[in-house]
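Engineer:
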Amino acid sequence: MFAALGAACMSPISAATYFVATTGNNSNSGTLEQPFATLQKGHDVAVAGDTVFIRGGTYSPTGSGKDNAGYSLTRSGSSDTKRICFWAYKDEKPVFDFAKISLSSSTGAGIRINGGSWLYIKGLEIKNVPQPSSSAANNGIWANPTSNTIFENCDFHHNSGPGLSIANGNGGNLVLNCDSHHNFDPISSKGEGQNADGFGLHYQKSGPSTVYRGCRAWWNSDDGFDCISQGVAVVLDNCWMALSGYKPGTFVAAASGNGNGFKVGGWGNPPDGQPNPMPVHTVHNCIGFLNKAAGFYHNHQPGNGFYYNNTGFNNRSANFNQLGYKNGDAGMGTWRNNVSYMGTATSNANGADAANNSWNISGLTLTAADFLSVDTAGMFGPGGILG
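Each residue of the sequence shown is one higher than the one before, starting from 2 at the first, in our numbering.
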């Protein structure tokens with residue numbers, strides 16, 4: 002899978018290419034010289050295999066759109082080589098500022114993918130989706146449902162719910178080198194900060210794994226990554242999550258934000274509605290640091306999960322919370338070659354399958370000298386700028 006990554010967006014002769022620009026008009030033909038004005042228009046004319054290139058600049062839609070969203074994507078590609086592609090044009094930066102859209106009290110989004118699959122979204126910045134009432138969350142992109150869709154090099158920030166939320170569908174999605182940060186839902190009905198994860202993945206029941214690779218999340222008021230009630234296996238590879246559970250830009254706790262870096266599974270306590278067999282999620286080569294709660298959290302998951310070669314650094318409750326659900330609460334999961342530095346190494350560890358981790362290697366004491374650097378300022382934002 003993904004072997005032909007990007008192949009569908011090379012504009013083969015049989016496919017069409019359209020352009021969107023801030024200087025465009027939806028009555029235009031959609032060429033480079035006569036671009037459309039909106040992403041919605043580009044979507045509405047595209048079919049499987051087509052590419053919609055979006056020029057740089059700031060797009061600020063107003064009013065209320067279909068599906069309680071600024072833009073609604075319902076069309077689908079048909080295969081890995083016949084996706085519908087929505088790409089930033091060359092090195093240009095299209096910014097979608099949704100501060101002026103009107104959303105109802107039900108869950109909304111800047112961009113709603115409603116049934117569209119085999120899509121490829123690349124290079125977009127999504128920000129400022131508002132929370133006009135105590136709705137559960139208003140997402141940057143809400144993909145519900147989607148399958149076999151790629152999100153690459155996107156930046157989700159300052160939204161009133163998860164930056165990118167994927168729900169239902171049949172798996173097979175790839176989230177590659179995306180950032181999600183400063184998302185906060187101050188007036189949610191479940192409490193301040195309860196719903197604004199960096200990345201959310203929930204409710205899929207069949208199909209191949211969804212993969213997150215090279216993604217970063219920080220200063221989201223709930224969790225960095227959350228896959229509670231996820232029935233298809235998830236792979237988290239080379240990602241990092243930091244500063245979850247705080248009001249963005251501060252170290253003031255969001256009152257109802259959970260504050261875990263990686264929340265890997267869970268079906269409630271006691272579990273309810275879990276599939277058989279249980280999906281086995283995999284987290285490897287990831288970093289969770291400076292989160293209000295745990296860096297890595299098994300979250301009552303009533304089954305195994307693999308945690309390999311991860312680093313937990315100075316999380317407030319524990320670097321690795323191994324809490325599962327088996328004959329009551331007990332530690333679960335398979336933990337190998339993980340490193341804990343500063344803070345409490347583990348919690349709820351009784352029963353977990355843990356070996357060759359820094360906390361259970363006899364005689365090992367880590368110090369700052371064992372790392373190239375323990376300065377976290379270089380981890381944030383373009384050029385390492387904190388914030």
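Glycine included, every Cβ here is placed at the ideal spot set by N, Cα and C.
None of the values given here were measured: they were computed from a predicted structure.
Have a look at ALA4 and SER107 and give me their C-alpha separation to the nearest angstrom.
Structural biologist: Sequence index remark: in the sequence shown, residue 4 carries index 3 (1-based). Sequence index remark: in the sequence shown, residue 107 carries index 106 (1-based). Residue confidence for ALA4 is low, a pLDDT of 46 falling below 50, so the modelled location carries little weight and cannot support an answer.
Engineer: Pick helix, strand or coil for MET380, following the three-state DSSP scheme.
Structural biologist: Here residue 380 refers to the residue found at position 379 when the sequence shown is read from its first residue. Looking at MET380 - three-state DSSP - the assignment turns out to be helix.
Engineer: Who are the Cβ neighbours of PRO272 in its own chain at under 8 Å, not counting the five residues just before and after it?
Structural biologist: Residue 272 sits at position 271 when you count from the first residue of the sequence shown. Here the set comprises HIS301, PRO303 and TYR326.
Engineer: Measure the C-alpha to C-alpha separation of LEU291 and ARG317 and round it to an integer number of angstroms.
Structural biologist: The count along the sequence shown starts at 1 and reaches residue 291 at position 290. The count along the sequence shown starts at 1 and reaches residue 317 at position 316. Using only the alpha carbons, I get a separation of about 7 Å.
Engineer: Grouping DSSP H, G and I as helix and E and B as strand, with all else coil, what is SER134?
Structural biologist: Here the question's residue 134 lines up with position 133 in the sequence shown. If DSSP states are grouped into helix, strand and coil, SER134 belongs with coil.
Engineer: Kindly indicate which three-state DSSP category HIS203 falls into: helix, strand or coil?
Structural biologist: Within the sequence shown, residue 203 is the residue found at index 202, counting from 1. Strand.
Engineer: Roughly how many angstroms lie between the CA atoms of TYR72 and HIS183, to the nearest whole one?
Structural biologist: Indexing the sequence shown from 1 puts residue 72 at position 71. Indexing the sequence shown from 1 puts residue 183 at position 182. C-alpha separation (whole angstroms): 22 Å.
Engineer: According to DSSP, simplified to helix, strand and coil, what is ALA1?
Structural biologist: Since the first residue of the chain shown is 2 and the last is 388, residue 1 is not available in this structure.
Engineer: Between which two residues does the beta strand (DSSP E) holding HIS158 run?
Structural biologist: In the sequence shown, the residue the question calls residue 158 occupies position 157. Taken as a continuous stretch (DSSP letters only), the beta strand (DSSP E) holding HIS158 covers 156–158.
Engineer: Give the secondary structure of ALA369 by DSSP, where H, G and I count as helix, E and B as strand, and everything else as coil.
Structural biologist: The sequence position of residue 369 within the sequence shown is 368, counting from 1. Here ALA369 sits in helix by DSSP.
Engineer: Span of the alpha helix (DSSP H) holding LYS42?
Structural biologist: For this step, residue 42 is matched to residue 41 along the sequence shown. Here the alpha helix (DSSP H) through LYS42 covers 40–46.
Engineer: For the region 350–369 against the region 332–339, are there 3 or more C-beta pairs whose distance is under 8 Å?
Structural biologist: Touching, yes, given that three or more Cβ pairs across the two stretches are closer than 8 Å.
Engineer: Less than 8 Å separating the beta-carbons of LEU104 and ASN129?
Structural biologist: The count along the sequence shown starts at 1 and reaches residue 104 at position 103. The count along the sequence shown starts at 1 and reaches residue 129 at position 128. Contact flag unset, no.
Engineer: Residues in its own chain within less than 6 Å of ASP376 by CB, not counting five upstream and five downstream?
Structural biologist: Against the sequence shown, residue 376 aligns to sequence position 375. Excluding sequence neighbours, ASP376 sits near nothing in its chain.
Engineer: Pull up the distance between the alpha-carbon of ILE151 and that of GLY364, whole angstroms please.
Structural biologist: In the sequence shown, counting from the first residue as 1, residue 151 sits at position 150. In the sequence shown, counting from the first residue as 1, residue 364 sits at position 363. Straight-line Cα distance between these residues: approximately 45 Å.
Engineer: Any Cβ of chain B within less than 8 Å of the Cβ of PRO187?
Structural biologist: Among the protein chains of the structure shown there is no chain B, as only one such chain exists.
Engineer: Which of the three DSSP states is assigned to LYS1 in this structure?
Structural biologist: Nothing can be reported for residue 1, as the shown portion of the chain is limited to 2 through 388.
Engineer: In whole angstroms, what is the alpha-carbon distance linking GLY208 and PHE200?
Structural biologist: As a position in the sequence shown, residue 208 is number 207, starting the count at 1. As a position in the sequence shown, residue 200 is number 199, starting the count at 1. Computed Cα separation, rounded: 20 Å.
Engineer: How is the beta strand (DSSP E) around SER341 delimited, first residue to last?
Structural biologist: Against the sequence shown, residue 341 aligns to sequence position 340. Per DSSP, SER341 belongs to the beta strand (DSSP E) from 340–342.
Engineer: Which residues in the same chain have their Cβ closer than 7 Å to the Cβ of ASN149, if we skip the five residues on either side of it in sequence?
Structural biologist: On the sequence shown, position 148 is the one that residue 149 refers to. Closer than 7 Å at Cβ, skipping near neighbours: SER118, TRP119, GLY173 and ASN174.
Engineer: By the 10 Å Cβ neighbour count, where 16 or more other Cβ atoms means buried, how is THR147 classified, buried or exposed?
Structural biologist: Here residue 147 corresponds to residue number 146 of the sequence shown, with the count starting at 1. Flag for THR147 reads buried.
Engineer: Within a Cβ cutoff of 6 Å, which residues of the same chain sit near LEU387, ignoring the five residues on either side of it in sequence?
Structural biologist: Working through the sequence shown from its first residue, we reach residue 387 at position 386. Because LEU387 sits at a pLDDT of 49, beneath the cut-off of 50, its placement in the model cannot be relied upon, and the following sentence gives the value as read from the coordinates. Within the same chain, LEU387 has close Cβ partners ALA378 and PHE381.
Engineer: Please check the pair GLY258 and GLY194, which I expect to be a contact at CB under 8 Å, by giving their CB distance rounded to whole angstroms.
Structural biologist: In the sequence shown, counting from the first residue as 1, residue 258 sits at position 257. In the sequence shown, counting from the first residue as 1, residue 194 sits at position 193. 3 Å between Cβ atoms; contact.
Engineer: Determine the closest residue to ASN69 out of ASP92, LYS83 and PHE99, with distance taken between C-alpha atoms.
Structural biologist: The sequence position of residue 69 within the sequence shown is 68, counting from 1. Taking only the C-alpha atoms, the option nearest ASN69 is PHE99.
Engineer: Looking at GLY225: is its Cβ nearer than 8 Å to the Cβ of PHE252?
Structural biologist: Counted from its first residue, the sequence shown places residue 225 at position 224. Counted from its first residue, the sequence shown places residue 252 at position 251. No; because the gap between Cβ atoms is not below 8 Å, this pair is not in contact.
Engineer: Beta carbon of ASP51, beta carbon of ALA16: below 8 Å?
Structural biologist: Residue numbering aside, residue 51 sits at position 50 when the sequence shown is read from its first letter. Residue numbering aside, residue 16 sits at position 15 when the sequence shown is read from its first letter. It is a contact, given that the beta carbons lie within the stated cut-off.
Engineer: Please identify the residue among ASN286, ALA319 and TRP336 whose C-alpha is closest to the C-alpha of ASN305.
Structural biologist: Position 304 of the sequence shown, counted from the first residue, corresponds to residue 305. Per the Cα distances, TRP336.
Engineer: Whose C-beta lies closer than 6 Å to the C-beta of LYS248 among residues of the same chain, with five residues either side of it excluded?
Structural biologist: Taking the sequence shown and counting its residues from 1, the one referred to as residue 248 is at position 247. Answer for LYS248: ALA255, listed in chain order.
Engineer: Using only the alpha-carbon positions, how far apart do THR283 and THR63 sit?
Structural biologist: Counted from its first residue, the sequence shown places residue 283 at position 282. Counted from its first residue, the sequence shown places residue 63 at position 62. Near 41 Å, if we compare the C-alpha coordinates of THR63 and THR283.
Engineer: On the DSSP letters alone, give me the boundaries of the beta strand (DSSP E) that ALA168 sits inside.
Structural biologist: By one-based count along the sequence shown, residue 168 stands at place 167. First-last of the beta strand (DSSP E) with ALA168: 165–168.
Engineer: So, at 7 Å on beta carbons, what are the nonlocal neighbours of ILE309 in its own chain, with the 5 sequence-adjacent residues on each side left out?
Structural biologist: Taking the first residue of the sequence shown as 1, we reach residue 309 at position 308. Note on identity: in this sequence residue 309 is Tyr, with Ile being the wrong assignment. Cβ within range, chain order: HIS285, ARG337 and ASN338.
Engineer: Under 8 Å, do GLN275 and VAL233 count as touching if we go by C-beta distance?
Structural biologist: The residue given as residue 275 occupies position 274 in the sequence shown. The residue given as residue 233 occupies position 232 in the sequence shown. No, they are not a contact pair.
Engineer: Secondary structure at ASP68, three-state DSSP: helix, strand or coil?
Structural biologist: Numbered from its first residue, the sequence shown carries residue 68 at position 67. ASP68 falls in the helix class under three-state DSSP.
Engineer: Under 8 Å, do ALA137 and ILE114 count as touching if we go by C-beta distance?
Structural biologist: Numbered from its first residue, the sequence shown carries residue 137 at position 136. Numbered from its first residue, the sequence shown carries residue 114 at position 113. No, the Cβ-Cβ distance between ALA137 and ILE114 is not below 8 Å.
Engineer: What residues match up with ASN140 in a beta bridge as DSSP calls it?
Structural biologist: For the purposes of this step, residue 140 is identified with residue 139 of the sequence shown, where counting begins at 1. ALA110.
Engineer: How should THR211 be labelled, buried or exposed, when 16 other C-beta atoms within 10 angstroms of its C-beta is the threshold for buried?
Structural biologist: Against the sequence shown, residue 211 aligns to sequence position 210. Classification of THR211: buried, given that the 10 Å Cβ count is 16 or more.
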